[in-house]
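Student: In my numbering, the protein residues as written are 6 to 142. The beta carbon of each residue, even a glycine, is placed where N, CA and C say it ideally should be. Please read all numbers here as calculations on a predicted model, not as lab measurements. This is the structure I have questions about; it appears just below.
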Ligand code: FES
C-alpha cells in the first residue's frame, strides 16, 4: 500500500470512529428539562384530577408531578430527573419519586435521596382555592 493510500484509509477509519463517540457524548450530556414559567390550574371536581382528592394521590400535568401530601396539602415538583431528564414517577408507598432510567430517588420535597441525580427536582408553589389548585413557578 502506498503512503498516500494508507493515509487516506487511516483518516477514513478515524472519521468513522469519531462519529459514534460524538453521538455517545451528546447522549450522555442530556440534562433535566424542568418546566419554566409554570402557571396552570387543576379543578379537583374534574374526574381526571380525582387522584389529588386523597392523601398519597398524584398526577403528572404539564411536566409537573402534583402530589397530595396531606389533607389540603400539596407539593408540585418537576417530573424531569436532574440526572439525564427521564420522567420520574411518584411512589405512594415510599413517598419518593423514582427515576426509571438509572434508579435516582428523590424525596417528596424534591431532595435527592440516592442515585446519580446531581441536584433536587425543581419545586413549584401550589395554592388551593375552593376546589381549584393553582401551580406556579
Ligand atoms: S435520568 Fe434519572 S437517574 Fe439518570
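#1: Please return the same chain residues whose Cβ sits closer than 7 Å to the Cβ of residue 72, not counting the five positions on each side in sequence.
#2: For my contact list, residue 140 and residue 45 are in at a C-beta cut-off of 8 Å; report their separation, rounded to the angstrom.
#3: Give a yes or no on whether the C-beta atoms belonging to residue 149 and residue 87 are separated by under 7 Å.
#4: In terms of alpha-carbon separation, which member of 53, 77, 69 lies closest to residue 61?
#5: Quick one: what's residue 73 bridged to in DSSP?
Tutor: Straight from the coordinates:
#1: 63, 79, 80, 95, 113
#2: 6 Å
#3: Look at the range of the chain in this structure, 6 to 142, and you will see that residue 149 is not part of it.
#4: 77
#5: 79
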